[in-house]
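The next block holds one structure in the form of structure tokens; read it before the comments.
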Amino acid sequence: MSIKAREDLQHHWRWQYDILVYPKDSQTYQALGDGWVAPQTPLASYGGISFEDLETIRSIPGVEVAAPISILGYFRYDFVPVSYEDAKKGEIYEVKYQMKAFDGLKKVLLKNYLGYDQYESMEGVKDSREILSNIKTIMKDYIIFQNIFVPPSMEFRSDNELLLVAVDPESEDKLYNLSQAVVEGDDLRFADLKIDKGIGEPVLPILVLKDQGLDVEESMEVSLVSVPSSINLWDMGSNAIDYLKESSKKIVSSYKLNAYSPEWRYKLAHIELKNDKVEVKSYIMGAFGSRDLVRYSPLHFKFLGYEEGGIPLLYVEGHPREKNPFFGNADETQVYRETLEKDEKIVFAVDVIGVYDARKIKPNYASSWKEGDPVDIYTPHHSMIIADGEGNPVKPRPQIPLPMKDSYYTGGPEAITVLTKDVAKLFYKDNPPISAVRVVVKGVEERSPISQKKIEQVAKEIMDKTGHKVEIMLGASPTKVHVKLGGAQKDDIGMVEEGWIKEGVSWAIEEKVSNANKWLFTYLLVVVFFLLYTVITHSLINRSMEFAQLRTIGWSRKRIIYGLSSEVISLTIFSLIPVLFFKASYGSFTWKDIAFIGTLNGAIIATGYFSGSYRSLLLSPRMGLSGEGTSDGRRLISVRGFFTFIFHQMMRRPLRFGLLVLSVLLSTLMVILFVSTQYSLSEFLYLSFLGEVVDLHLLPYQKALLGLGVGLTIAVVVVLLWLNLWERQEEFGLLWAIGWPRGRLTLYTLIEAGTIGSLGGILGSLSALIILKLFSTLWLPPWVVVVAVLLPMALMMAVTAIVMHFIRLASGIKRGGK
Numbered sequence: 001m002s003i004k005a006r007e008d009l010q011h012h013w014r015w016q017y018d019i020l021v022y023p024k025d026s027q028t029y030q031a032l033g034d035g036w037v038a039p040q041t042p043l044a045s046y047g048g049i050s051f052e053d054l055e056t057i058r059s060i061p062g063v064e065v066a067a068p069i070s071i072l073g074y075f076r077y078d079f080v081p082v083s084y085e086d087a088k089k090g091e092i093y094e095v096k097y098q099m100k101a102f103d104g105l106k107k108v109l110l111k112n113y114l115g116y117d118q119y120e121s122m123e124g125v126k127d128s129r130e131i132l133s134n135i136k137t138i139m140k141d142y143i144i145f146q147n148i149f150v151p152p153s154m155e156f157r158s159d160n161e162l163l164l165v166a167v168d169p170e171s172e173d174k175l176y177n178l179s180q181a182v183v184e185g186d187d188l189r190f191a192d193l194k195i196d197k198g199i200g201e202p203v204l205p206i207l208v209l210k211d212q213g214l215d216v217e218e219s220m221e222v223s224l225v226s227v228p229s230s231i232n233l234w235d236m237g238s239n240a241i242d243y244l245k246e247s248s249k250k251i252v253s254s255y256k257l258n259a260y261s262p263e264w265r266y267k268l269a270h271i272e273l274k275n276d277k278v279e280v281k282s283y284i285m286g287a288f289g290s291r292d293l294v295r296y297s298p299l300h301f302k303f304l305g306y307e308e309g310g311i312p313l314l315y316v317e318g319h320p321r322e323k324n325p326f327f328g329n330a331d332e333t334q335v336y337r338e339t340l341e342k343d344e345k346i347v348f349a350v351d352v353i354g355v356y357d358a359r360k361i362k363p364n365y366a367s368s369w370k371e372g373d374p375v376d377i378y379t380p381h382h383s384m385i386i387a388d389g390e391g392n393p394v395k396p397r398p399q400i401p402l403p404m405k406d407s408y409y410t411g412g413p414e415a416i417t418v419l420t421k422d423v424a425k426l427f428y429k430d431n432p433p434i435s436a437v438r439v440v441v442k443g444v445e446e447r448s449p450i451s452q453k454k455i456e457q458v459a460k461e462i463m464d465k466t467g468h469k470v471e472i473m474l475g476a477s478p479t480k481v482h483v484k485l486g487g488a489q490k491d492d493i494g495m496v497e498e499g500w501i502k503e504g505v506s507w508a509i510e511e512k513v514s515n516a517n518k519w520l521f522t523y524l525l526v527v528v529f530f531l532l533y534t535v536i537t538h539s540l541i542n543r544s545m546e547f548a549q550l551r552t553i554g555w556s557r558k559r560i561i562y563g564l565s566s567e568v569i570s571l572t573i574f575s576l577i578p579v580l581f582f583k584a585s586y587g588s589f590t591w592k593d594i595a596f597i598g599t600l601n602g603a604i605i606a607t608g609y610f611s612g613s614y615r616s617l618l619l620s621p622r623m624g625l626s627g628e629g630t631s632d633g634r635r636l637i638s639v640r641g642f643f644t645f646i647f648h649q650m651m652r653r654p655l656r657f658g659l660l661v662l663s664v665l666l667s668t669l670m671v672i673l674f675v676s677t678q679y680s681l682s683e684f685l686y687l688s689f690l691g692e693v694v695d696l697h698l699l700p701y702q703k704a705l706l707g708l709g710v711g712l713t714i715a716v717v718v719v720l721l722w723l724n725l726w727e728r729q730e731e732f733g734l735l736w737a738i739g740w741p742r743g744r745l746t747l748y749t750l751i752e753a754g755t756i757g758s759l760g761g762i763l764g765s766l767s768a769l770i771i772l773k774l775f776s777t778l779w780l781p782p783w784v785v786v787v788a789v790l791l792p793m794a795l796m797m798a799v800t801a802i803v804m805h806f807i808r809l810a811s812g813i814k815r816g817g818k
């Protein structure tokens, strides 16, 4: 995606909402200060905004949509029991279980279980107290040997925590097309809002997320252990574990499943393993038993500084997860969110009424949004892995969420319910329940100062009336931020790249485009001045004999100046013919523009005429055609050798030498500034799941202006070099006559040209580096500086070599003889 023109900015400037309101006591950690909005900021606070505040916001003139959202917490969905149903009474079975999850860089071993079960049938058991009295357990190194009265089994999907949020379906549907994203069942607009069903616990109607993108594999392997009937393991104590580990075994059943896939994430089923088949016994999706709510703290970020290219670098606080000894040898993962203590237990049940697909959700207002871009809270905040735990760069790839919600990357909300006062009372008691309000302002479809003022007025009124924090999302855009994580090993995730929302980015883009236009115009103006000044001045100097002849027949200097003034006026009028043609054909210019262009052209032409005619009139008639650089015998330094001779030759015409250096300097400066801007800004804005960027490229007309300026600079250099060398034919002829070979003369002139080119390139590069260092955080690739120094030098030497090839040394001697 590229934002290429101011006209595009007019239509691609609006964020998904205009104002974000979040609580004054928000738990959001502003690591980058004001103007930056971290991913999923609307879900960063557990309440804080009341229903009264919401109604106040909605009553403010100019508010079109005020969509509240409340994070309620996390609850654990049902697990999937997996059991070996062909177990025989009295037999001992080894049960192995593993849970692995791919985090985007490696497969993380989350659980690794080993245990031994002696199956005791429930046959003949009349009282459950018999079971309790007969349970026996031996443990060593957290490996359990136990007798069981149910078949050997494990719980798959036991860490299936869902993020539960509440929204107002009507206002949410105005902001996003949530109802159209429902791919199965009903949407929340048709939900039964009465949560008291008379079954003991409140029942919440919820939409569940179809696919969070979890890549998890759970596996179970059951083996029959051969133990002679003469051996009583229960008398062996902890040595029984060692004996069982060393005993021969036969695998009787094995099974693998991603129970977090879209097909299985919310499926209520019991998986029965048998020797020759697997049976899945599903039961109806609907309301089910009590669930306890868990809440985690938000992330804690620390600002570390800026990386090359001006990308902010943050560090997120975390610590290694405590290992569960019953799942030994599991990989160490990081915990970034702590469990928050609750005043009392919140118990509820849920009724899954539908499934929504986050990929189908689109904003209704964001003009800058494109397919695949993040959609506020509904899509994960797209962390891209860019370095491992040792700091080694890796090919950017998406970070994939882990099932545990205390990890860094948790993804979007898996369960959405309706925000009503009954729901708020259940989860927040008498506390304000709303986490954030997303506001759309009426009548700001067009990008203009009036739209900006409207949004600012509404934002100020919200702050004044509610006292809550307000972020104006006007012209906001995802901007690259790098976050260091706690991974320290080579295969751990060490750094991710995220798109944090930066306010006013599109306004900053427009400002940069406007500034670019101003600098390009100024640069072009200066180069045109150099070219016209050089051509006009030189032509008038060559007319010194003409002025001398006019003086001899009685013309005064004043009369000659009047004639030259008429030439200036004629040339100025002639220069306006193309402008008048464009006005007549396309209406591109106003009469005010034409007057400005005419005044500017007249000033440039008059400056050249004044400089050239003044000097020509001084030279006429007594000084004849001695020329611009005639030496008066004074030298800055004495000619003592090779380099002092070259320096003397350059300083014989200081004006021409200065114009050459200044032309190269300005062109080098402008090219470096624009190359660095393009190179750095292409990595400045961040968008989409694949790390796509918004490139702020030069507009076509800007490229034309820059190219025209560089082309005119080349023309100025060629003209000045040609004049400089052509007027020295007499000098070259004399040196050739006293024995200097053409190659030596060419070498001297090449060194002169190379010195001028390299001097201009070095000064231009240094100027660009100083400007970038003082006034921006843009990063300049070293190759740009090297090319900027070598290219002007090579260009000037090439032009010099070509001109020297056409100079006739013999004609220089003849001219000297005359």
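In this text, residue positions in the sequence shown follow full-length UniProt numbering: the first is 1, and each later residue adds one. Backbone N, C-alpha and C fix where the C-beta goes; we use that ideal spot for every residue, glycine too. Here the structure is a predicted model, which means the values were calculated and not measured.
message: What does the Cβ neighbour count give for THR552, buried or exposed, with the cut at 16 atoms within 10 Å?
response: In the sequence shown, counting from the first residue as 1, residue 552 sits at position 552. Exposed, by the Cβ-count rule.
query: According to DSSP, is ASP430 helix, strand or coil?
result: Your numbering for residue 430 matches position 430 in the sequence shown. ASP430: coil per DSSP, three-state reduction.
- Figure out for me which residue from ILE672, TRP736 and ASP491 has the closest Cα to the Cα of VAL785. Residue 785 sits at position 785 when you count from the first residue of the sequence shown. Checking every option, the nearest Cα to that of VAL785 belongs to ILE672.
Check your understanding: Considering only residues of the region 307–384, which uninterrupted alpha helix (DSSP H) runs meet the minimum length of 4 residues and lie entirely inside it, listed in chain order?
Key -> none
Open item on the list: Which residue marks the beginning of the alpha helix (DSSP H) containing THR800, and which one marks its end?
Closed with: Taking the sequence shown and counting its residues from 1, the one referred to as residue 800 is at position 800. Residues 782–806.
### Message
Between which residues of its own chain and PHE806 is the CB-CB distance below 7 angstroms, once the five residues before and five after are set aside?
### Response
By 1-based counting over the sequence shown, the position of residue 806 is 806. Taken in chain order, the list of residues that qualify is empty.
Are residue 890 and TYR17 closer than 7 angstroms when you measure CB to CB?
Here the chain covers residues 1 to 818 and nothing more, so residue 890 does not appear.
Practice task
Determine the DSSP secondary structure at ASN147, reduced to helix, strand or coil.
Solution key: What you label residue 147 is simply residue 147 of the sequence shown in a count that begins at 1. Strand, per DSSP.
C-alpha gap between GLY318 and VAL496, whole angstroms:
Position 318 of the sequence shown, counting from 1, holds the residue named residue 318. Position 496 of the sequence shown, counting from 1, holds the residue named residue 496. Cα-Cα distance, rounded: 15 angstroms.
- From this set, PRO403, GLU263, MET545 and SER435, which residue's C-alpha is nearest TYR46's C-alpha? Looking up residue 46 in the sequence shown gives position 46. Of the listed residues, the one whose Cα sits closest to TYR46 is SER435.
Closest by CA to HIS300, which one among GLU246, LEU178, ASP103 and ALA38?
-> What you label residue 300 is simply residue 300 of the sequence shown in a count that begins at 1. Taking each of GLU246, LEU178, ASP103 and ALA38 in turn and checking the Cα distance to HIS300, the smallest one comes out for ALA38.
Should ASP159 and MET463 be called a contact, given that it needs their Cβ atoms to be closer than 7 angstroms?
What you label residue 159 is simply residue 159 of the sequence shown in a count that begins at 1. What you label residue 463 is simply residue 463 of the sequence shown in a count that begins at 1. Contact: no.
- Query: With a Cβ-Cβ cutoff of 7 angstroms, do GLU390 and LYS490 count as a contact?
  - Reply: The sequence position of residue 390 within the sequence shown is 390, counting from 1. The sequence position of residue 490 within the sequence shown is 490, counting from 1. Their beta carbons are under 7 angstroms apart, which means GLU390 touches LYS490 by this criterion.
| request: Give the DSSP-derived three-state secondary structure of LYS818 in the structure shown. | output: Looking up residue 818 in the sequence shown gives position 818. In this predicted model, LYS818 has a pLDDT of only 44, less than 50, meaning its place in the structure is not dependable enough to derive any value.
Where do the N-terminal and C-terminal ends of the beta strand (DSSP E) with TYR113 fall, by residue?
Within the sequence shown, residue 113 is the residue found at index 113, counting from 1. Run containing TYR113: 107–119, per the beta strand (DSSP E) assignment.
May I ask you to verify whether the region 150–164 touches the region 71–83, counting CB pairs closer than 8 angstroms and requiring at least 3? yes
>> Assuming MET495 is part of the beta strand (DSSP E), what are its boundary residues?
In response: Locating residue 495 in the sequence shown gives position 495, counting from the first residue. Element bounds for MET495: 493–502.
Below 7 angstroms between beta carbons: does that hold for ARG321 and THR339? As a position in the sequence shown, residue 321 is number 321, starting the count at 1. As a position in the sequence shown, residue 339 is number 339, starting the count at 1. Cβ distance not < 7 angstroms, so ARG321 and THR339 don't count as in contact.
**Prompt:** Nearest CA to the CA of TYR378: which residue from GLU91, VAL225 and VAL208?
**Reply:** Counting from one through the sequence shown, the residue named residue 378 turns up at place 378. Nearest option by C-alpha distance: VAL208.
Self-check item: Any beta strand (DSSP E) of 3 or more consecutive residues that is wholly inside the region 209–251
Solution: As far as the region 209–251 is concerned, its whole beta strand (DSSP E) runs of at least 3 residues are 216–225.
For LEU745 and LEU734, believed in contact at Cβ under 8 angstroms, the rounded distance: Here residue 734 corresponds to residue number 734 of the sequence shown, with the count starting at 1. Here residue 745 corresponds to residue number 745 of the sequence shown, with the count starting at 1. Actually they are not in contact, since the Cβ atoms of LEU734 and LEU745 sit about 11 angstroms apart, beyond 8 angstroms.
If you check the beta carbons only, do THR755 and THR800 fall under 7 angstroms apart?
As a position in the sequence shown, residue 755 is number 755, starting the count at 1. As a position in the sequence shown, residue 800 is number 800, starting the count at 1. Result no, Cβ atoms of THR755 and THR800 do not sit closer than 7 angstroms.
(Q) Applying the 10 Å Cβ sphere with the 16-neighbour rule, what's the burial state of ILE386? (A) As a working mapping, residue 386 is identified with position 386 in the sequence shown. Burial call: buried.
Residue of VAL65, SER26 and TYR84 minimising C-alpha distance to residue 825: No answer is possible for residue 825: it lies beyond the span of the chain, which begins at 1 and ends at 818.
Next item on the list: Classify VAL167 as helix, strand or coil using the three-state DSSP reduction.
Entry: Here residue 167 refers to the residue found at position 167 of the sequence shown. Shown here, VAL167 sits in a strand according to DSSP, grouped into three states.
Point to revise | Outcome for ASN601 when other beta-carbon atoms lying within 10 angstroms are tallied against a minimum of 16 | key: Along the sequence shown, one-based indexing puts residue 601 at 601. It counts as buried.
Could you give the distance in angstroms between the alpha-carbon of ALA554 and the alpha-carbon of ALA548? As a working note, residue 554 is residue 554 in the sequence shown. As a working note, residue 548 is residue 548 in the sequence shown. A quick correction: the sequence has Gly, not Ala, at residue 554. Taking the straight line joining both Cα atoms gives about 10 angstroms.
Discussion item. On a Cα-Cα basis, can you pick out the residue from TYR176, ILE455, TRP722 and ILE771 that is closest to VAL21?
Written reply: Counted from its first residue, the sequence shown places residue 21 at position 21. The shortest C-alpha separation from VAL21 is found at ILE455.
*Leaving aside the five residues before and after ASN364 along the sequence, list all residues of the same chain whose C-beta is less than 8 angstroms from its C-beta, in chain order.*
As a first step, residue 364 is located in the sequence shown; it is residue number 364 there, counting from the start. The residues are LYS174, LEU175, TYR176 and ASN177.
State the beta-bridge partners of MET139 as determined by DSSP.
For this step, residue 139 is matched to residue 139 along the sequence shown. ILE144.
Under 7 angstroms Cβ to Cβ from ASN112, same chain only, skipping five residues before and after it: list those, please. Taking the sequence shown and counting its residues from 1, the one referred to as residue 112 is at position 112. Scanning its chain for C-beta atoms nearer than 7 angstroms, with the 5 sequence neighbours on each side dropped, one finds around ASN112 the residues GLN98, PHE327, GLY328, ASN329 and ALA330, in chain order.
Next item on the list: Look at the alpha carbon of ASP593 and the alpha carbon of LEU571, and state the distance between them as a whole number of angstroms.
Entry: Indexing the sequence shown from 1 puts residue 593 at position 593. Indexing the sequence shown from 1 puts residue 571 at position 571. Distance between the alpha carbons of ASP593 and LEU571 is about 18 angstroms.
Alpha carbon of LEU193 to alpha carbon of TYR428, nearest angstrom: Counting from 1 along the sequence shown, the entry for residue 193 is found at position 193. Counting from 1 along the sequence shown, the entry for residue 428 is found at position 428. Straight-line measurement puts the Cα of TYR428 at about 17 angstroms from the Cα of LEU193.
For GLY212, collect the residues of the same chain with a Cβ closer than 8 angstroms to its Cβ; drop the 5 residues on either side in sequence, then sort them by chain order.
The residue given as residue 212 occupies position 212 in the sequence shown. For the record, residue 212 in the displayed sequence is Gln; it is not Gly. Excluding residues up to 5 positions away in sequence, TYR260, ARG265, PRO380, PRO401, GLY411, GLY412 and GLU414 lie with their Cβ nearer than 8 angstroms to the Cβ of GLN212 in the same chain.
Buried versus exposed, by CB contacts within 10 Å (16 or more), THR466:
The sequence position of residue 466 within the sequence shown is 466, counting from 1. The residue is buried, with at least 16 neighbouring Cβ atoms inside 10 Å.
Q. Does the Cβ of PHE747 have 16 or more other Cβ atoms within 10 Å, making it buried, or fewer, making it exposed?
A. For the purposes of this step, residue 747 is identified with residue 747 of the sequence shown, where counting begins at 1. Correcting the residue type first, residue 747 is Leu in the shown sequence and not Phe. LEU747 should be labelled exposed.
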